[in-house]
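Residue numbers (UniProt numbering): 1 to 494. The beta-carbon is built from N, C-alpha and C at its ideal position, and this holds for glycine as well. Since the model is a prediction, treat every value here as computed from it, not as a measurement. Take a look at the structure below.
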C-alpha cells in the first residue's frame, strides 16, 4: 500500500530533486509523483489539466489530492477525497484557536463534514473536500460569506448586519497573521479566541495536533452514526415504513400506554422492559413541539434505570437524563477501578446525579451533580469532563484572571488528555451515597481484579443534603388523618 500512497514528506523530497519541466518530462510515467489527466473545463469548455496525488497524512489515513487548472481561462479548483474505507464511527475534531500558531494547524475537511464555530453561532454545511489550514479555512469562509453581501444589504438589512459581524470578527483574526511587524511571534495571542469543530459522520476529516495527542487545545471524539446519517452516506437504503413514520407530525404523536407497544391491542402480552413511553411537550430552546422518550432498562448485576431522551428536529437541541428506577438504597456505595489499558475505556458506566467522581493521579474531583446523570462508557465520561473543563480556560472564563492560573489549567488539561488515552495508569473513584451508580465488571459474575466495591453508612449530613432526614415512609397515614381532623376542628362554623 505504501508504494501507492507515499507520505507527503517523501513526495516533497522527490519533487525537490526535479530541476525543471524538461527533466520532469524525461521521467517515466510510473516515477512521477503526480498523475496528469486532461479534463474538460466547466467554465470555458476548453481542455484543462487535472493533477492527482496519492499520498498519506501522518496519524490519519490515505487521501487523493486533486487540482484542476485551465490555461485558457485561468479557472482553478482543488479537492481532496478519502482513499480508504468509511470508518465505523463518526468523528468530531475540536481545535481551540488562541494564538497565531494555531492558525497554521493543517486540516482535512471531507465532503461530508460540517464546520462549526460556536463563538459566532456559525455552521457551515457539508461542501467539497479540502486540504488546507485553519487560516485557509477561515479565509474561505470570509470569501464565501462576502460574495452576496451587496445583494443582502439591499434586500435584507438584518441578515446583512449579522453576517457582516461574522465577517469582521473572522477578518480581525486572520489579519493578525498578515501583520509583518509581528510575523515572527507565533505564540502571540489573537484578538479573540475561537473554537473550530469538524463534525464528520464518515470519519474522513482531521485536524493536526501539536506534539502529541495530549495537546490540550486539541480533542477527538467519536460517536455512533444515526440511521439517517447512514442513509445520507449511502450505507443503507431508506426504509419506506420508517420514512412514513417520520412524516407524522409531532402534534399527532400518541402517548403509548404503560407496558403497551405501538400497534398492539390492549390485551396483547406485555414486557415492561421493552416498551417506550412517549410524552409530547415543547422544546425549551425554540418552543417547537417534540416528543420525550422514556425507557426502562435493566442493567445486569445492578438494577433498573430510566433513560429519558429529548431531541428537537427543528433546532437540534438534545437532552438526556438517567434516573434510578428502584427504591432508595439503605447504604452508599464507593467503586474504585484501576485503569491500566485502553480496553478499560469501553466499560459501561452509569453516573447518577448524586455521584461524585475523582481521579487522584491528576487531582480531578467532580462534586455530586456535575454533568448530571449519564449512562455512557468510561471514555465517553472522560470526553465530557474534558469538553466541560476546556470551555473554562479556552473560552475566556472570568475566574481565570491570572496567567499562571491559565498555565496551570492547561497543564491539568494535558494530564487529562494523557489519562483519556491511557498513556499512564490511573484510578477512577465513584462515590454515590444513594448507590445508584454503576461501573461494568467485565469479568461478571466473577470478581474483577482491578475493581473494588464497598458499601458504607451515610452520614447525617449526606442524608440532610439528600432530603432523607425529613422523609417519612411509614406511619404517614396517621399524620395525614390527624392533620385533616385538626383542620376540621379549626374550620369556622356555618
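In whole angstroms, what is the alpha-carbon distance linking residue i and residue j?
i           : j           : result
residue 100 : residue 455 : 52 Å
residue 30  : residue 110 : Confidence at residue 30 is low in this model, with a pLDDT of 47, below 50, so the placement of that residue should be treated as unreliable; the coordinate-derived value is given next. Each residue's Cα considered, the two are about 28 Å apart.
residue 327 : residue 434 : 10 Å
residue 443 : residue 387 : 31 Å
residue 207 : residue 385 : 21 Å
residue 201 : residue 89  : 7 Å
residue 78  : residue 49  : 12 Å
residue 105 : residue 221 : 18 Å
residue 302 : residue 369 : 21 Å
residue 347 : residue 297 : 17 Å
residue 372 : residue 67  : 49 Å
residue 73  : residue 44  : 7 Å
residue 293 : residue 336 : 32 Å
residue 311 : residue 276 : 15 Å
residue 35  : residue 448 : 56 Å
residue 410 : residue 213 : 14 Å
residue 469 : residue 457 : 14 Å
residue 152 : residue 295 : 47 Å
residue 349 : residue 321 : 14 Å
residue 170 : residue 313 : 29 Å
residue 158 : residue 228 : 33 Å
residue 94  : residue 238 : 31 Å
residue 135 : residue 149 : 21 Å
residue 195 : residue 463 : 42 Å
residue 378 : residue 188 : 36 Å
residue 193 : residue 426 : 32 Å
residue 286 : residue 115 : 22 Å
residue 47  : residue 39  : 6 Å
residue 209 : residue 97  : 12 Å
residue 156 : residue 316 : 25 Å
residue 496 : residue 357 : Only positions 1 to 494 of the chain appear in this structure, which leaves residue 496 out of reach.
Assuming residue i is part of the alpha helix (DSSP H), what are its boundary residues?
i           : result
residue 155 : 149-155
residue 35  : Careful: residue 35 lies outside any alpha helix (DSSP H), inside the beta strand (DSSP E) at 35-40.
residue 463 : 460-465
Between which two residues does the beta strand (DSSP E) carrying residue i extend?
i           : result
residue 51  : 47-56
residue 236 : Residue 236 -> no beta strand (DSSP E), and no H or E assigned at all.
residue 93  : 90-99
residue 69  : 62-69
residue 190 : 189-200
residue 334 : 332-339
residue 432 : 426-432
residue 357 : 356-359
residue 375 : 374-377
residue 124 : 122-124
residue 351 : 348-351
residue 204 : Where residue 204 is concerned, there is no enclosing beta strand (DSSP E), given that its DSSP letter is neither H nor E.
residue 219 : 218-223
residue 117 : 114-117
residue 365 : 364-366
Which whole-angstrom value describes the C-beta separation of residue i and residue j, a residue pair presumed to lie in contact below a C-beta threshold of 8 Å?
i           : j           : result
residue 198 : residue 86  : In fact, because the Cβ distance is near 16 Å, the residues do not count as touching under 8 Å.
residue 432 : residue 333 : 6 Å
residue 422 : residue 345 : 7 Å
residue 362 : residue 412 : 7 Å
residue 133 : residue 103 : 7 Å
residue 450 : residue 338 : 4 Å
residue 323 : residue 306 : 4 Å
residue 167 : residue 145 : 5 Å
residue 53  : residue 65  : 4 Å
residue 126 : residue 112 : 5 Å
Identify every residue that forms a DSSP beta bridge with residue i.
i           : result
residue 106 : 133
residue 282 : 289
residue 324 : 305
residue 298 : 304
residue 451 : 337
residue 404 : For residue 404, which the question treats as bridged, DSSP gives no partner whatsoever.
residue 456 : 332
residue 77  : 68
residue 276 : 295
Look at residue i and residue j and say whether their C-beta atoms are less than 8 Å apart.
i           : j           : result
residue 382 : residue 407 : no
residue 205 : residue 91  : yes
residue 416 : residue 430 : no
residue 108 : residue 174 : no
residue 352 : residue 436 : yes
Step through the CB atoms of chain B and report whether any lies within less than 8 Å of the CB of residue i.
i           : result
residue 342 : This model lacks chain B altogether, as it is built from one protein chain only.
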